[in-house]
């Protein structure tokens, strides 16, 4: 089978670098490359109550419980492409959202903190923290 060797261009037409269409073709350190779909924003959320105590999310995963209420709040402005809820007492939710720019760490934190009695277990999210550490496969 014949093959044509490319000598010009970048991989931008093949995969979505998580920085839009600009760039030299060289990847920076820890830069996500998304093979399918839109550019994503990545967030780390730690759910905390009014006193700053971390909330255990392991029993907040059913249909009418806290995690669903948090996701409903988030999806008012963005789509959750993927997420991970830590299976421990850290209260951590890792999120990949689009469209890019729908939330900043500040606006997402503000939205989540409005939930003072989320779900059937009245999960308090009023002191939750949001950061944007990027994405890492481990």
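In the working numbering, the protein residues as written are 303 to 440. For each residue, glycine too, the CB sits at the ideal point set by N, CA and C.
- Counted as a single uninterrupted DSSP element, the alpha helix (DSSP H) harbouring residue 412 occupies residues 407 to 415.
- Taking a cut-off of 8 Å for Cβ pairs, the region 396 to 412 and the region 360 to 370 do not touch, as fewer than three such pairs fall below it.
- For residue 348, the uninterrupted beta strand (DSSP E) run begins and ends at 343 to 348, by DSSP.
- The Cβ atoms of residue 354 and residue 420 lie no closer than 8 Å to each other.
- For residue 366, the closest alpha carbon among the candidates 349, 351, 382, 424 is that of 424.
- Our two residues, residue 426 and residue 344, have alpha carbons roughly 23 Å apart in a direct line.
- By the 16-neighbour rule on beta-carbons within 10 angstroms, residue 352 is exposed.
- In this structure residue 436 is exposed. Its beta-carbon is surrounded by fewer than 16 other beta-carbon atoms within 10 angstroms.
- Proximity to residue 372 across 348, 389, 390, 392 peaks at 348, based on C-alpha coordinates.
- In the DSSP annotation of this structure, residue 398 is not part of any alpha helix (DSSP H); the continuous beta strand (DSSP E) holding it starts and ends at 394 to 400.
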